[in-house]
Each structure stands twice: as C-alpha cells, then as structure tokens.
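Inspection log for the structure reproduced underneath, given as structure tokens.
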Amino acid sequence: MGGNLYIFTTGQDRLLDLGVFPEELNLFEAESAWRISPWIAVVENVLQKVAAAAQLILQLNGYEKINLSSRDLEYYFLNGDEHVLLQVIRETSVELSPNTNLLEDIP
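Right, dumping it as structure tokens:
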C-alpha cells in the first residue's frame, strides 16, 4: 500500500487538467480511489513508483513539491480555506508566491 497524493492550487490558479496523467498510472481512473474539489485532488494508496512519475508530470506543469500534514490538506479539501493552508506553509518557513501550484509528496 502506498500513501496519498494531494495536488492543489492556491490563489486564482485553476487545478490542473487531470487528463495529463497517462491511464497507465491509474491515478484518476475508475479502478483507483480518488476525489476532487475545485482546489484539490486527492488520490489514495499511490505506489512510490507512480508518485515519482506523477511528480515529474506535475513539475512539467509548473507545480512545486511541498510536504504538509494530511490533516491540513484534508481541511483544505473540505473547506477551501486557503488562508489556513497558507498560514501553515508560512509557519513551516516555505516561501511561495501567492499563486503557486503545489503537490503533496507521498510520505
């Protein structure tokens, strides 16, 4: 079993078109466990090899890797309150522009 992959945006940015991920990765297919809101997509039980391929695709599309707790990311998924998320990012002393696209790495 793998970890969860969180792909999210802040500011006025729109979430990446999930069609950029090849079917072979099985991230957003009927057989995988995933959910989406306007600001975050979550894929559960992602294998490390698949996460590495997804990270490359995300980097090519302007996303940056950042590690946040699943608790904070789940709160953002449910509430969309980016101010809380950005406060957590500031507290972890990560400097980001207000419109940075982010992804959460598999633990």
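Numbered per this note's numbering, the sequence shown spans residues 106 to 212.
Glycine included, every Cβ here is placed at the ideal spot set by N, Cα and C.
Start and end residues, alpha helix (DSSP H) containing residue i
i: residue 129; result: Element bounds for residue 129: n/a, residue is neither H nor E.
i: residue 177; result: 175-184
i: residue 196; result: 187-196
Nonlocal neighbours in the same chain, by C-beta distance under 7 Å from residue i, ignoring five residues either side
i: residue 204; result: With a pLDDT of only 45 at residue 204, under 50, the local geometry of the prediction cannot be trusted, and no value is derived from it.
i: residue 123; result: 133 and 146
i: residue 161; result: none
i: residue 177; result: 190 and 193
i: residue 180; result: 189
Identity of the residues DSSP links to residue i by a beta bridge
i: residue 151; result: 108
i: residue 119; result: For residue 119, which the question treats as bridged, DSSP gives no partner whatsoever.
Sequence-distant residues of the same chain with beta carbon closer than 6 Å to residue i, five excluded per side
i: residue 174; result: none
i: residue 185; result: 144
i: residue 212; result: With a pLDDT of only 47 at residue 212, under 50, the local geometry of the prediction cannot be trusted, and the value read off the model is given with reservation. Closer than 6 Å at the Cβ level, and outside the excluded window around residue 212, lie 108.
i: residue 121; result: 166
Proximal residues to residue i (C-beta, below 8 Å), its chain only, five neighbours per side dropped
i: residue 130; result: 155, 158 and 159
i: residue 187; result: 115, 116, 144 and 181
Selection from the options that minimises the alpha carbon distance to residue i
i: residue 113; options: 197, 152 and 140; result: 140
i: residue 152; options: 196, 110 and 195; result: 110
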